[in-house]
Structures are given as structure tokens and as C-alpha cells.
Amino acid sequence: MSVKAYLGLGGNLGDPKVAIAAALRTIDARTDCTVVAVSRLFRTPPWGKTDQPDFLNACAAVETELSARRLLDLCLQTEREFKRERAERWGPRTLDIDVLDFGGTTHGDEALTLPHPRIAERAFVLVPLADIAPDLAIGGRRVAERVDALDQGVIVPVTQDGGWWR
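For the sequence shown, UniProt numbering gives the first residue as 1, with consecutive numbering after it.
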């Protein structure tokens, strides 16, 4: 059985555009995952720890046969392949991949909370997610409604469409 999941991707070290694109191609090449939509790529200011370079962020919709936990494991494995180091919370990184939503289900344990617990306060996630899933409901509100309520002035698209990753 296939489930549609949404991933948030970002990075601010090395060449994040190349890393995000390669990560998406890695996920799409699997037999149990298909990338079905990708947002534009956005330049965003750092969040949480602000004394670091700007990030590039995107979101992707993935049809997957994996469980939510196995999809998270795949995301973490892919981060490691791209030299992700977890030295400090919200610190700089080559690649970050978060599972944002998994078929609209709710889940919570020490490893994975769905939907992503801080999605509603993060414009750097919601703006790209609105590109591919404006009607997706997170916490009872559509992504597009959540975006309309946010200050988006510092989030700038750097690609014209979602085809940049191929």
C-alpha cells in the first residue's frame, strides 16, 4: 500500500542546491519511493540559531511503501551520505530532511512526531510546502491559510518551478 508523505529539505553548507537535488534523486531511484512533486527552491534566513549563512529550502511529495519510521530512517541515512553532522541544534548543515506529514496520520514517540511538531511556526517549511500542497491540512488548517498568516518577506524563490532537481 502506498502513502503520500511530505518532506522538508534544506541546507546551508557546501552547495545545498546540489545536495538537495541529489538527495531527491537518491530517494526517487528507490523501488519503494517515488518523488511525485517538488517545490521551487527558496533562500531563507536561518531559524533558531541566526549567526550562520542563509539556507536553501524545498519540500517534496513522495509516494512510498515504507512505514513512517522507515521513511525517517531513509531520510537520516541520506543525510549521513551527504556528510550531515549534528554538532549543534539548529546549526549549519549540508543537508536536512524532515518528514513533515505521512498520509495525514498522527504519531508521536521519541524518534518521530507527525505531523512535524514545529511546522506551523516555520515559514521556511510552509512556503515551499504551499507550492505543492496548499490544501494539505496540518492541525486542522490548510497550509495555504497558515502561509497567509506568516511574514514571507524574507523567503525568496531562487528557481522558477519544481523541475530544478532533475
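Glycine included, every Cβ here is placed at the ideal spot set by N, Cα and C.
Need the endpoints of the alpha helix (DSSP H) that residue i sits in, please.
i	result
T78	A68 to E81
L129	A123 to I132
I20	P16 to D28
D161	Per DSSP, D161 belongs to no alpha helix (DSSP H) and is neither H nor E.
D148	V143 to D148
Going along the chain, which residues of its own chain have a beta-carbon closer than 7 Å to the beta-carbon of residue i, five neighbours each way excluded?
i	result
A14	Reading off the sequence, residue 14 comes out as Gly, not Ala. Correct list, in chain order: T94.
Q152	A123 and V127
V156	F42 and R43
A23	L9, T78, F82, L95 and I97
So residue i and residue j are in contact, right, with Cβ under 8 Å, and what is the actual spacing, rounded?
i	j	result
T78	A5	Actually they are not in contact, since the Cβ atoms of T78 and A5 sit about 14 Å apart, beyond 8 Å.
L129	L100	7 Å
C75	I132	At roughly 17 Å, the Cβ-Cβ gap does not stay under 8 Å, so C75 and I132 are not in contact.
L112	R69	6 Å
L66	D32	5 Å
G139	A120	6 Å
Kindly list the residues whose CB is nearer than 8 Å to the CB of residue i, restricted to its own chain and excluding five residues on each side of it in sequence; keep chain order.
i	result
E54	In the sequence under discussion, the amino acid at residue 54 is Asp, which differs from the Glu named in the question. Closer than 8 Å at Cβ, skipping near neighbours: N12, R43, T44, P45 and P46.
R166	A21 and R25
L72	V99, A111 and L112
Less than 8 Å between the beta carbons of residue i and residue j, yes or no?
i	j	result
A19	F82	yes
R141	L126	no
T159	L9	no
D98	H116	yes
I27	V35	yes
Hey, could you find the ends of the beta strand (DSSP E) residue i is sitting in?
i	result
A5	V3 to G11
A120	Here A120 belongs to no beta strand (DSSP E), and DSSP marks it neither H nor E.
I111	According to the sequence provided, residue 111 is Ala. The question's Ile does not apply to it. That residue, A111, is in no beta strand (DSSP E); it is neither H nor E in DSSP.
L56	F55 to T64
L100	D96 to F102
R43	F42 to T44
Take the Cβ of residue i as the centre, count every other Cβ of all protein chains shown within 10 Å, and call the residue buried at 16 or more, exposed below.
i	result
S2	exposed
D96	buried
V62	buried
V143	buried
For residue i, which residues in the same chain have their Cβ closer than 6 Å to its Cβ, ignoring the five residues on either side in sequence?
i	result
S39	A58, C59, P128, D131, I132 and G162
W164	L41
Q52	P46 and P92
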